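Participant: Going by the UniProt record's numbering, the sequence shown runs without a break in its numbering and finishes at 172.
Each residue gets a CB set at the ideal place from its N, CA and C atoms; glycine is no exception.
As the structure is a computational prediction, the values presented were derived from the model and not from experiment.
For reference, the structure I am asking about is given below.
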Amino acid sequence: MAMTKMMAPIITFTTEEIYDHLSENFEKKATVQAESWPEFNENYIDKALEEKWNRVLLIREDILKALEEKRRDKFIGHSLESKVTVQPKEPSDCAILDSLGNEFMSDVIIASGFEIGTVENGYEGSLCRVRVEKASGKKCERCWKIDEHTGEDPQFPDTCPRCAHTLKTMNS
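See the structure below:
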């Protein structure tokens with residue numbers, strides 16, 4: 001219910017539909033707009049998670065600067081044309097990135113590839129060294145990422161394995 005109330009000013013019609021279908025186990029007003037704002041709950045604050053994501057966002061800034069440098073040099077046109085290798089300066093940052101996984105991090109930085117590794121020559125950021133390479137493979141028509149395995153699925157010949165899997169799941 002709290003999420004519905006908080007989204008009401010932004011997606012009015014959708015939240016009204018949600019509100020109309022909520023359980024009758026509590027007294028509802030005529031509209032979700034007439035409900036009072038949810039109370040702040042101190043238990044929802046997770047300092048460790050906040051610190052982790054603040055660190056990820058700072059590392060992302062270093063990566064985006066490296067990507068922008070390569071874009072400015074006309075090495076890449078768009079960040080999805082790249083594969084990024086990152087060498088964090090702190091072992092704790094390496095553990096954070098490792099916990100999120102390469103595929104997720106490539107989504108966070110909007111690149112076709114991401115990995116943690118040794119970077120000899122590359123952009124020297126405040127928290128990490130970054131190497132930007134051109135991604136190899138074909139462009140997926142669904143997500144636009146460049147992947148070496150795009151086109152291998154006969155059922156979805158223009159998609160990467162991740163998108164092919166998603167499309168199969170949606171069609172079943």
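For L100 versus S82, is the C-beta spacing smaller than 8 Å?
Facilitator: The answer is no: Cβ separation not under 8 Å.
Participant: For K168, name the three-state secondary structure that DSSP assigns.
Facilitator: K168: helix per DSSP, three-state reduction.
Participant: List the DSSP bridge partners of K134.
Facilitator: In the DSSP output, where bridge partners are listed per residue, K134 has S82.
Participant: Is it true that the CB of L127 sits closer than 8 Å to the CB of K89?
Facilitator: Their beta carbons are under 8 Å apart, which means K89 touches L127 by this criterion.
Participant: Just to confirm the assignment, what range does the beta strand (DSSP E) spanning E42 have?
Facilitator: Per DSSP, E42 belongs to no beta strand (DSSP E) and is neither H nor E.
Participant: Along the chain, where does the alpha helix (DSSP H) that runs through I109 open and close?
Facilitator: Note, I109: alpha helix (DSSP H), 102–109.
Participant: Measure the C-alpha to C-alpha separation of residue 192 and K5 and round it to an integer number of angstroms.
Facilitator: Nothing in the structure corresponds to residue 192, since the chain is present only between 1 and 172.
Participant: If distances are taken between C-alpha atoms only, which option among K70, M3, L58, N121 comes closest to D93?
Facilitator: Measuring from the Cα of D93, the nearest candidate turns out to be L58.
Participant: Going by other Cβ atoms of all chains shown within 10 Å of its Cβ, with 16 needed for buried, is I146 buried or exposed?
Facilitator: Result: buried.
Participant: Could you tell me the distance, in whole angstroms, from the CA atom of H21 to the CA atom of T31?
Facilitator: Each residue's Cα considered, the two are about 12 Å apart.
Participant: Terminal residues of the continuous alpha helix (DSSP H) containing R16?
Facilitator: What sits at residue 16 in the sequence shown is Glu, not Arg. From DSSP, the alpha helix (DSSP H) with E16 extends over 12–20.
Participant: Do residue 178 and R60 have their C-beta atoms closer together than 8 Å?
Facilitator: Any question about residue 178 goes unanswered here, given that the chain covers just 1 to 172.
Participant: Under the assumption that A2 contacts P38 (Cβ atoms under 8 Å), give the Cβ distance between them as a whole number of angstroms.
Facilitator: About 4 Å; that satisfies the 8 Å criterion.
Participant: How many Å lie between V119 and L97 at the Cα?
Facilitator: Going from the Cα of V119 to the Cα of L97 covers about 16 Å.
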